[in-house]
Each structure stands twice: as C-alpha cells, then as structure tokens.
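Undergrad: Right, I'll just put the structure down here and ask away after.
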Amino acid sequence: SMPRTFEELTPQNFSFNSPLGWCPVCEGLGVERGTNQASLIASPEATLLEGAVSAWPVPQENPPFLAFLQAFSTQFEIPLDLPWYRLSSRQQRLVLYGSEQPVEFLWPTTGSPIRLVYKGLYPAIEEAARISYSYRLQLQDLIGEKPCSVCGGDRVREDAAAVRLAGVTLPQLSRQPLEEVLRYLDELQLSEEQRKIAGDLLDEARHRLRFLIDVGLHYLTLERGMPTLSGGESQRIRLAGQIGRALTGV
C-alpha cells in the first residue's frame, strides 16, 4: 500500500466545530441522512430465507425472488441458513450495498435465463425515494439519520480521531459520562515535560467538568447534541458556565 504522510496537528484539528477539524463528509454532525439498518433488518435472529430482511418479498411466497436469492447466495457465498447476525461483515455488506457483478438465475415459470445486477438495499431505497414522490412517502419511516459512513459518528477527521492520550482517543472520551471523563483526567499521570505542555489545559478542563457535575449533569456525555437536551439540562449547562466564570448574583 502507498505510504501516507500526515501534517502536524493543531488544536483546531481536534474540533468538530471547525472546518479544520470536522469530518469532511458530515461536517462534524456525526450523522448523515440515510436508511436505518434496524428498520430494514427487522429480525436479525432470522435467516435470509426466513425473511430477516423486512424490505424484501417473503422468499417462500415469491418463487422468482426465491430463485434469485438462491443464485445470489451461491454466487457470493452467502449462507441462507445462518441468522443475519452471524453473517460476516463482507456478506452483510453485499446484502446492504450490492455488487456490480450480475446474478444469473432461471425464471421459475418459463425457465428463461435472467441477468440482474443487485444494487443493494441502501442504494435501491435511496434511489426509489429520489425518483418517486409516492415511494418517498412510503419510505419516510425507513429513512432518517444514521451514523456517518466515513467517520462512524466520531465527527472529527480521521487523523485527529486516531490520536490517543494515555490509550484513549477523543471520540472515545466524548462518549463517556462526564463523571467518568473527570475521573479519567484526575487519574492521568503526566511527566514533568507533559505537565508543562498540558497542565493548565487539564486544570481548566477539570474545573469546567466539576461545575457541570456539581449542577447534576454527571450522566451527560460530551457528544450529546443541543437539540436532544431537555429545557432543564440546557438551563443547568448555562448555570454551570456562569458559575465557572465567577459571576456574582447568579
């Protein structure tokens, strides 16, 4: 594989609110519009033959689809007798995203050969929703927000997302409750050299986290979006900010 070079990272590269740091696809939101897998695979414990994929016709009731499914299974080595959750990620990916390679099978009633390129669940649904207004209305329940396909919900660019502080990345830290983050920062052992670089920054981070925890927000995570907070939570975040700035008469 080709060697890669990386530029030296700056603080802005770690911020999902900055064009210098956010994931270029979702622009720091961590999600993109698309189809929620749980609504397509309604029964992950079922096999493909038993109808694990809710967006497909029921194979036993639809002979042409059954013929296609058997050919698809043989060609791409996707077992029809294993539950969906036990299929490998390559096999699941073929069902969800399809393949350019055509599948050949015989139409049950006439025996005539059919060649079909299977586009995959995601592309087919998104194309149908784009082309037809009535389809778009039917598919509204299936389409929503899903984790960004490039950053996987990390929000920041991949080099910043891979940087570790004592074995933990920033996205991993952002997914932990605030009290866990404070405990982690409190337990960090820094050398004299590291203390010179990060000491003030760590003190400030601990200081702010402590205020958020003191007003009862210990269970929140740093990645929680503002629109998902209740009125009381937003109010307490503002309150913690005001206490932290040592304002009087709050």
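Residue 216 in our numbering is what sits at position 84 of the sequence shown, and the numbering runs on without skipping anything. The beta-carbon is built from N, C-alpha and C at its ideal position, and this holds for glycine as well. From a predicted model like this one, the values you see are computed outputs, not experimental measurements.
Mind checking PHE204: buried by the 16 CB within 10 Å criterion, or exposed?
TA: Buried, since its Cβ has 16 or more Cβ neighbours within 10 Å.
Undergrad: Whole angstroms are fine: how far does the CA of VAL227 sit from the CA of ILE210?
TA: Looking at the two C-alpha atoms, the distance is approximately 9 Å.
Undergrad: If you count every other CB in all the chains shown that lies within 10 Å of the CB of GLY357, and 16 or more means buried, which is it?
TA: Exposed.
Undergrad: Curious, which full-length alpha helix (DSSP H) runs of at least 4 residues does the region 246-329 contain?
TA: Runs found: 253-263, 265-271, 290-294, 302-306 and 310-318.
Undergrad: Tell me where the beta strand (DSSP E) around VAL235 begins and ends.
TA: Element bounds for VAL235: 235-238.
Undergrad: For PRO211, report the span of its alpha helix (DSSP H) as first-last.
TA: Element bounds for PRO211: n/a, residue is neither H nor E.
Undergrad: According to DSSP, is PRO215 part of a helix, a strand, or is it coil?
TA: DSSP places PRO215 in strand when its eight states are reduced to three.
Undergrad: Please state the DSSP three-state secondary structure of THR241.
TA: Of the three classes helix, strand and coil, the one that applies to THR241 here is coil, per DSSP.
Undergrad: Is VAL190 helix, strand or coil when you go by DSSP?
TA: It is coil, neither helix nor strand.
Undergrad: Using a Cβ-Cβ cut-off of 8 Å (strictly less than) and excluding sequence neighbours within five positions of SER366, which residues of its own chain qualify?
TA: Once the five neighbours on either side are set aside, the close Cβ partners of SER366 are MET358.
Undergrad: Per DSSP, what kind of secondary structure is VAL422 in: helix, strand or coil?
TA: With the chain represented from 133 up to 382, any question about residue 422 goes unanswered, as that position is not in the structure.
Undergrad: With DSSP run on the structure shown, which of helix, strand or coil describes VAL227?
TA: Of the three classes helix, strand and coil, the one that applies to VAL227 here is helix, per DSSP.
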